[in-house]
Structures are given as C-alpha cells and as structure tokens.
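In what follows, a single structure is set out as structure tokens and then discussed.
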Amino acid sequence: MNPAARELSKALNNNIKNPKLAWQIFKRIASNPNSPSHAFIPSLPLLLQILIGAKMFTQINALPQLLPCRHSMLLLLRLLAKSGHVTLAISQLQAIRAHHPTRPPPISLYNLLIRSSLQQNLPHCVRLLYEDMILSRVTPQTYTFNLLIGGLCDSGCLEDARKVFDKMPDRGCLPNEFTFGILIRGYCRAGHASQGLELLELMRSMGVAPNMVIYNTLVSAFCKEGKTDEAEKLVERIREDGLVPNVVTFNSRISALCSAGKILEASRIFRDMQVEKELGLPQPNTITYNLMLEGFCKEGMIEEAKILVESMKESGVSLEVESYNIWLMGLVRNGKLLEAQLVLNEMAEKGIRPTIVTYNIMMDGLCKNGMLRDAKMVMSLMKNGGVAPDVVSYSILLHGYCKKGKISEANKLLRKMIADGCFPNNYTCNSLLESLWKEGKVLEAEELLIKMKERGYALDTVTYNIVLDGLCKSGEVDKAVETMHEMRNQENGCTPGDLDDSYVGLVNDDNNRNGCTPDLITYSTIINALCKDGKFDEAKKKFIEMIGRDVYPDAIIYDIFVCNLCKMGKVSSAFRVLKDMEKKGHNKSLQTYNSLILGLGMKGQFFEMYGLMDEMRERGISPNVCTYNNMIRCLCESGQTDDANKLLDEMLTKGISPTISSFKLLIRPLCQIGEFRPAQEVFDISLRIFGHKEVLYSFMFNELVAGEELLEAKDIFMSALDRCFDLGNFLYQDFIGRLCKVEMLECASDVLKKMIQKGYTFEPASFMPVIDGLRTTGNKHEADEFAEWMLEMASELKVTNQVSRKARVFNRKKVANNDEKYWQNILHRDDGSGVTLKILNKIQKGWGHANISHLQSPKYDFLDNY
1 MNPAARELSK ALNNNIKNPK LAWQIFKRIA SNPNSPSHAF IPSLPLLLQI
51 LIGAKMFTQI NALPQLLPCR HSMLLLLRLL AKSGHVTLAI SQLQAIRAHH
101 PTRPPPISLY NLLIRSSLQQ NLPHCVRLLY EDMILSRVTP QTYTFNLLIG
151 GLCDSGCLED ARKVFDKMPD RGCLPNEFTF GILIRGYCRA GHASQGLELL
201 ELMRSMGVAP NMVIYNTLVS AFCKEGKTDE AEKLVERIRE DGLVPNVVTF
251 NSRISALCSA GKILEASRIF RDMQVEKELG LPQPNTITYN LMLEGFCKEG
301 MIEEAKILVE SMKESGVSLE VESYNIWLMG LVRNGKLLEA QLVLNEMAEK
351 GIRPTIVTYN IMMDGLCKNG MLRDAKMVMS LMKNGGVAPD VVSYSILLHG
401 YCKKGKISEA NKLLRKMIAD GCFPNNYTCN SLLESLWKEG KVLEAEELLI
451 KMKERGYALD TVTYNIVLDG LCKSGEVDKA VETMHEMRNQ ENGCTPGDLD
501 DSYVGLVNDD NNRNGCTPDL ITYSTIINAL CKDGKFDEAK KKFIEMIGRD
551 VYPDAIIYDI FVCNLCKMGK VSSAFRVLKD MEKKGHNKSL QTYNSLILGL
601 GMKGQFFEMY GLMDEMRERG ISPNVCTYNN MIRCLCESGQ TDDANKLLDE
651 MLTKGISPTI SSFKLLIRPL CQIGEFRPAQ EVFDISLRIF GHKEVLYSFM
701 FNELVAGEEL LEAKDIFMSA LDRCFDLGNF LYQDFIGRLC KVEMLECASD
751 VLKKMIQKGY TFEPASFMPV IDGLRTTGNK HEADEFAEWM LEMASELKVT
801 NQVSRKARVF NRKKVANNDE KYWQNILHRD DGSGVTLKIL NKIQKGWGHA
851 NISHLQSPKY DFLDNY
C-alpha cells in the first residue's frame, strides 16, 4: 500500500466512531483531481463498512460521482452485494451503466448480484438483473444458468427451471454436471424422482459423467418414495459407471427407509455394511449408527436400540452428545424414564456435558408423563449447570401445566419466563390459548388473543384453529363460520374488528402473508360443528369450497359426514358419502364401520349390521369395544337382550375389555323389562372385572329403585355405605320415600340410621317421610329423635355449607336449585305435623343455597409484563 493510501486508511480508522467526519475526509480526497485513484480504492471496504453501520445511504448513493475510474465503481458494487445490500448495489449498477454506456459490467458481477439476490430471496431482482444482462449483450455463462435454475428450483418453479435448462444451448452454453445435479435435486425434492432419472439418462447421452452426489440424491429420493427396487438398480448402475457407492449412498438409503418407517429394510442394509467387508461395502460411521438408532427409537424398538448402543461402544464408535440425545429421546418417549436417568449418569461419568437439547428432551418426557415437579427440578439443574433455559424449555413446562389444567401455575411461569428475558413464541401462547378454551375461560382466552395482537405476534393457522375449535365447542358455530370466512377472504382486504364482538379482527394482511390460511384441520373443525348442528347443506358447501382451494379431504372428513349422518338416522345418505370416499381412494376405517353399525342398528337393520362386522374382519380390521357397545345398545333398545348378552360373552371370549358403559347398556333394559335376576348377574360380572366402583353401585341401585325392587336396592345401598361411597349419584331420597310409601318403615329407618352412623351429612328432607310415618304409627319418641337429627343436620349445613365427610353426598347443583322447593313443600303441609312447626323458625333463618358465597373467578393478566 502506497503512503497516500496508508494515510487515508489511518484517518478512516481513527474516525470509525465519527462516520460524518470519515465521510468528509474521504470526500475531500476523492474530489481532489490531483489525488491518484490508487490512494482511495484500498480504503473503500472500510469506508463502506462505516457508512452502512451509520445507515448513511444518501452518502453511499453519492459515491459513484466521486469514483473516477470504472474499476473502483465495480469494486463498490461487489462490496455492496457481499454486505447484503443488493437493491442498493443494483441502483448503483444503473449509475455505472450511465457513466460507461459502451462498457457493460462483466459477467462475474452479474453472477455475484444474482447469487446475492437469491440468497436474500429477491426474485424480482434476479429477473431485473437477467434482463439487464441481455440488454447489455453480456453473454451468460453456464454458472449464470446454474444460479437461475437453482433459484427457480428452490422456489418450487420446476417448469420454469426446465425451460431455462432447455434454452441454454440457444445462449451458447452447455449444461455441466452441476447443472444436471441442481435440476435433478429439484425434481427429487418435489417428489419427482422418475423425472430426475430421465435427466440422468439425458446427462449420459450428452457425454456428461454423473457424479456420486447425483447418484446419492436419486437413491435417497427413490427410497423416500418407497421405490426401493429402483434405488437398488441405481446402486448397481453406480458400479457399472466405475464409481464406488460410498457411506453417503448407504446413509441416504438408511435415512429414507427409516423416515418411511421401513426399519427392517434399513436394518438389513446396515447389517450388510457391518459384515460384508469382502464385497467392498463402506463401513458404517457415526451418522449411520445415529440414523439407525433414531429409526429404532421412533418405531418403539427400544431393545434393538439398546443392542445398537452397546455395539457402538464395542466397535469403538464414539458416542457424542448427539447420539446420547437420540437415545434419551427414544427412552423418554417410550416411558423409560429410569433408564433415561441412567443414560444421563453415564454422560456425566464420561464427561459429556448435556446441551440445552438434552435437558429439553428430559423435560418433555417428564411433562408428557405428568411429572411436572420433576420437570421443574430438571430446569433448576439446567440453570445450576450454567445452561440457560430457552423458549423451548419454558414452553415445554408451560404446556405441561396447561395440559393439567393448572392455568395459574402456567401464568406464573410465563411471568418468570418474561422476567428472565426469554420471550414467548407462538407455540407458548397457543398452548395457553388452547388450555383456556378447554377450561371454558372464554373471556380470558379473548383477552390473551388481544394481547397477542398488541405484542405483535403473528397469529398463525394453528392459533386460528384453536379459536375456531373453542367457538364450536362453546356452541358459537355461526361466529366460527364468520371468522373462517374472514380468514379465507382476507386477501381482499378488510378492517380489523373488535375482538369482543367478532373474531374477524384476528386476521390482517401480515397474518395472511405468514400463512394464516384455512387448512385441513380448519375445514374439519367447521364441517364437524355444522354436521353436529344438523346443517348438512352448509357442511357440504364448506366441503366443496375446501376442494376448490386445493385442500383435499382425507378419510377423517369423510368419517365426520358418515358419523353425523348415521347419528341423525340418515343411513342412506351416509352410504352415498361412503361410496364417494372409496372412489377417492380412502378405505373404511374402524371409525367408519362403527358409525355405520350404529346407524344400521338404530334403523333396526340388524342383518346388515352383522354383515358389516363380518366385512371388517375380512379386511383385517378388528372390532373394538365401541363396535360392540354400538351393537349392544341397538339390540337392547329393540328388546333383543339375549343377543346383546351373547355379544358381551363374545367380547370377553375374544379378550376385548368391555367398558362400564357396556354393562350399563345391558343392565338398564333388563331392569326395564323386569328381568332383575339377569341384570344382577351382569352387575356381578362387572364387579369382578372393574372391582367395587361407585358408578356401578349407583347405577344398579337407581335401576332397582325405579323398578320397585326395594329389598334388592337396600342390599346394594347398604353395601355402598359400608364402602363409604360418595352418595351424590344415588337416588336415596326417592328410595326412602318409596320404602315409606309401601309401609317398609323399619327398613327406611335402618337406612337412615346407617347413613348417620357412617358419618354422612345428606339432604335433611330425607327424614320427613320416616318422621311422618313414625308419628302416624304412634312412635312419637322415635319420630322426635329423627327430628332432632334432622335439625342438627340442617344446622350443620347452615354453618358449613358443605359436606363434612366424603366430598359431597348429594348433587350441590341440584340441591341449589331445589332445596328451597323441598323446604317450601314441608312448610306448607297441612297435616298438623308438630315437627314442621317446631323447625319453622330454624328454617326461616336462611338455611339453603341463598347463603352459599359465589367465588369470583381469578383474573389472568397474560403477557402484562411483556
């Protein structure tokens, strides 16, 4: 560097923090006609760095006027392009063209600008540069076309890429191996491996030798498409062309097969690599082992994965943190948390430091198993180990709280997350939003949505689907349809609305650009809600609209139509949908069969119902408990309880575990037709399978009471009292009243005494039929004793307003609505009851639901600190 250039560079260095002065110094020297050009050209990179850092773009635009030679101007363009300011460089290019109209820029500069434009995703700049190059009569190189073809392939414009490829000879350029490789890779990424293979044939016919990269790309693509035979043929052709398949070739095959779930085929290739050394196969490397390990773990083949890890150790393959992370993920996803802990200990013993990924894997596994306290401890260990939790760490734990319905804990964690400088992302907010909808906290969900908008979160399709699902489940189907309509038509432009009145304000132009468009889940949610409301015509319109927007239906959407049509009794319509479903290549699923069986059974078409069960077995689809329950329900409703009993026996014989509903479906119709002994037998079987469950006892008791089988009901009830069951679902008050009505007063008294003896606090009005009966029969002393117990219980309920022993023993909601009615009935009796008059004053003091305090729901100020 000459002295003048050295002095200028020194002056600029001294004024890096004073960009305006640096610019004045450079401008003065460059404006001096006596200053040689070589004095300031070496300082251009430093000057440009200073001006860009200070955002002095006006001064940058003035540089071409100060640069006296073409060389310095071209250098300026290259520096601008490399610094990421392509649009600025292109505007300077026009200035160069104006200064030197007869000397166009070299092709190397165009190539640089095109490459930079592609890197910054500026396709309009690429088009502009190519057109300018043609106008300037600058001959493009093969490298230029390679850039253009690569950019088009990355944008998914394969047809345009092929057109550019075909025009290359017209521009005097022949494709080389890189040209073919770029286009073949584009076809393979788009799932068109066969077209890539055709290009390979063209490549060979033009005398361009394929390389291993192209072969490996094609092999991997065919494997991903499930065309393993074509992949095997390609491996043979590699050898025919004098090339040797390398470890990348085999890794590509193994990776594709594992991704497709074909783990056994991948394992066979891996085993060949291990043992067939004489065939010249490459030995597996760490990547090969990791691919197989991940494949085994994804398929739940933990024992095979464990053997593989041991073989890695024996073979001397280094287990790095990436391998341990894969192994840990496989263990925690399959519920092997203790083994995962041992793996962590092994890492510590070998001095392998866990990464943030390691900790996040452990936290995710613990949260999915409901072990939130342990997950929180892992986060503490992470911090103590010097690893700061990231947004993924917090989101995993927060999602765990939300799944458990612990909204207040999730809110605290969110505040802690923001306080630690780790700001929530869309996944975090969507987790909270979904949980709020599930908890029925609609106002809080709306508040969170508003704050997400205020904080600049791009509400994506996932957010939208959560909102639509929440609206539909809240019965706001019309509002959900309106919101989806705005979501779909947002490209036409609209003014965001008020979220409290309408959800249409969620979507704006930014959201639309960020991919906030209806997808298959969106349409499934809306169509399902419309079908449940019986609005099949509107559901059909949404179905047609979905296809028109290139969102193609899957078997689930067809099942939605079939299921809801069957429930509405429109079985013939369901079969028409089924015909279209199979025409589109979707096979009937277990859900489809279950819906059709229910629909046919409801219509009394039992022969067809049994035929469908035979058909599903022939197709290898095993009936499940839902299938049998649907059939049992329909048979019982038509009075064919013997056939329903046979189905229950068949379930038990085939090892299909019935549900409690299976037994309830049988017990009720048997009791309704007076077959109490068979009903009791079914009840006894249910107890042997499920144990002594309160739901079974309460159901059987209530059915016996309804059927006036009071002695059998008493046995069930006494057994329930012995087991200290919650009596909320037992119709004990009706039972006591019926006992007194049929003059089984002693039996009713025994029941009440045992309830008191067991420490139950229950509806005080239950005493009245017994008290009246005792007084009528002259047992005044015993009647007064029961009256005292009633008063004591009423007093206790007045003080506590809650049940003293086993949670609730009566339905609080029911009592809240009806206890005033119960007591008014007692107070207005005209039978001269002395007991009624005695307790009148106590009753009038306000015992009942009017004194129950109403708790105010907590307010959740989400994101207030952000």
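In the UniProt record's numbering, the protein residues as written are 1 to 866. Glycine included, C-beta positions come from ideal geometry on N, C-alpha and C.
Next on the checklist: Taking a contact to mean a Cβ-Cβ separation below 8 Å, would you say I263 touches M312 in this structure?
Outcome noted: Going by C-beta atoms, I263 is not nearer than 8 Å to M312.
Item to check | Sequence ranges, alpha helix (DSSP H) only - wholly within the UniProt repeat "PPR" (141-175), length at least 4 | outcome: Whole alpha helix (DSSP H) segments, 4+ residues: 142-154, 158-167.
Next on the checklist: Among V378, I182, A419, whose alpha-carbon lies nearest the alpha-carbon of D215?
Outcome noted: One detail in the question is off: residue 215 reads as Tyr in this sequence, not Asp. It is I182 whose Cα lies nearest to the Cα of Y215.
Checklist entry - Taking the alpha-carbon positions, what's the M292 to S686 distance? => result Straight-line measurement puts the Cα of S686 at about 46 Å from the Cα of M292.
Item to check | Enclosing alpha helix (DSSP H) for D642 [first to last residue] | outcome: For D642, the enclosing alpha helix (DSSP H) has its first and last residue at 641-653.
Next on the checklist: Let me confirm a value: T776 is counted as buried when at least 16 other C-beta atoms fall within 10 Å, else exposed. Which label applies?
Outcome noted: So T776 ends up on the exposed side.
Next on the checklist: Less than 8 Å between the C-beta atoms of T592 and V551, yes or no?
Outcome noted: Between T592 and V551, the gap from beta carbon to beta carbon reaches 8 Å or more.
Checklist entry - Can you round the beta-carbon distance between I361 and L319 to whole angstroms, since I take them to be within the 8 Å contact cut? => result 16 Å between Cβ atoms; not a contact.
Checklist entry - Is DSSP giving C422 helix, strand or coil here? => result In the structure shown, C422 sits in coil (DSSP, three-state: anything other than H, G, I, E or B).
Checklist entry - Looking at C-alpha atoms only, which residue of C367, Y558, L745, G599 is the closest neighbour of F586? => result Checking the sequence shown, residue 586 turns out to be His, not Phe. Of the candidates C367, Y558, L745, G599, the one whose C-alpha sits nearest the C-alpha of H586 is Y558.
Next on the checklist: Applying the 10 Å Cβ sphere with the 16-neighbour rule, what's the burial state of A445?
Outcome noted: Residue environment analysis places A445 among the buried positions, since at least 16 neighbouring C-beta atoms fall within 10 angstroms of its C-beta.
Item to check | Rounded straight-line distance, which links the Cα of L752 to that of K821 | outcome: For K821, the predicted structure reports a pLDDT of 45, less than 50, and the residue's modelled location is therefore unreliable. A value from the coordinates is still provided. Straight through space, the alpha carbons of L752 and K821 are spaced by roughly 22 Å.
Next on the checklist: Please list the terminal residues of the continuous alpha helix (DSSP H) segment that includes H586.
Outcome noted: Annotation: H586 is outside any alpha helix (DSSP H) and is labelled neither H nor E by DSSP.
Checklist entry - Since S524 is in the alpha helix (DSSP H), which residue starts that stretch and which ends it? => result Counting along the chain, the alpha helix (DSSP H) containing S524 begins and ends at 520-532.
Next on the checklist: DSSP three-state label for M718, please.
Outcome noted: Helix, per DSSP.
Item to check | Integer Cβ distance of C422 from V391, believed to fall under 8 Å | outcome: Right, their Cβ atoms sit about 6 Å apart.
Item to check | Stretch-stretch touch, CB-based, cutoff 8 Å, three pairs: the stretch 200-220 with the stretch 237-247 | outcome: Verdict: yes, contact present.
Next on the checklist: I believe I407 touches E434 by the beta-carbon criterion, under 8 Å. Please report the beta-carbon distance rounded to the nearest angstrom.
Outcome noted: Going by Cβ atoms, the distance from I407 to E434 rounds to 11 Å, so no, they are not a contact pair.
Next on the checklist: Taking the beta carbon of D772 as the centre, do at least 16 other beta carbons fall within 10 Å, making it buried, or is it exposed?
Outcome noted: So D772 counts as buried.
Item to check | Counted within 10 angstroms of its Cβ, other Cβ atoms place I544 as buried (16 or more) or exposed | outcome: So I544 ends up on the exposed side.
Checklist entry - Helix, strand or coil: which one does DSSP assign to V770? => result Note: V770 maps to helix in three-state DSSP.
Checklist entry - Going by beta carbon distance, what residues of the same chain come within less than 8 Å of L647, once the five residues before and after it are set aside? => result For L647, the CB contacts under 8 Å within the same chain, skipping 5 residues up- and downstream, are Y628, M631, I632, L635 in chain order.
Item to check | Neighbourhood of residue 906 by C-beta, 6 Å cutoff - its chain only, sequence neighbours within 5 removed | outcome: A question about residue 906 goes unanswered here, because the residues of the chain that appear run from 1 up to 866.
Checklist entry - What is the C-beta distance between Q738 and L710, in whole angstroms, given that I count them as a contact (C-beta under 8 Å)? => result What sits at residue 738 in the sequence shown is Arg, not Gln. Rounded, the Cβ-Cβ distance is 6 Å, consistent with contact.
Item to check | Minimum Cβ-Cβ distance from K451 to chain D less than 8 Å | outcome: Looking for chain D here will not work: only one protein chain is present.
Checklist entry - Going straight from the alpha carbon of L612 to that of R619, what length do you get? => result Whole-angstrom Cα-Cα distance: 11 Å.
Item to check | Neighbourhood of V723 by C-beta distance below 7 Å, restricted to the same chain and skipping five residues each side | outcome: It should be noted that the sequence gives Arg, not Val, for residue 723. Hits under 7 Å: H692.
Item to check | Beta-carbon proximity of E712 to F663, cut-off 8 Å | outcome: By the CB criterion at 8 Å, E712 and F663 fall outside the cutoff.
Next on the checklist: Quick test of your reading: N334 and V357, contact by CB under 8 Å. State the CB separation rounded to the nearest angstrom.
Outcome noted: With 8 Å as the limit, N334 and V357 do not qualify as a contact, their Cβ atoms being about 18 Å apart.
Item to check | Option nearest M168 by Cα separation, candidates C188, Y143, M700 | outcome: Ranking C188, Y143, M700 by CA distance to the CA of M168 puts Y143 first.
Item to check | Residue burial classification, Q92 (beta-carbon count within 10 angstroms, cutoff 16) | outcome: Answer is buried; the Cβ neighbour count reaches 16.
Checklist entry - Quick one: is S698 buried, meaning 16 or more other Cβ sit within 10 Å of its Cβ, or exposed? => result It is buried - the Cβ of S698 has at least 16 other Cβ atoms within 10 Å.
Next on the checklist: Within 10 Å of its beta-carbon, does F57 have 16 or more other beta-carbons around it, so buried, or fewer, so exposed?
Outcome noted: It counts as exposed.
Item to check | Unbroken alpha helix (DSSP H) run spanning K306, endpoints | outcome: Its alpha helix (DSSP H) spans residues 302-314.
Checklist entry - So, Y457 versus N426, is the Cβ gap smaller than 8 Å? => result Contact flag set, yes.
Checklist entry - Pick from E796, A794, V770, C223: whose alpha carbon is nearest that of D784? => result Per the Cα distances, V770.
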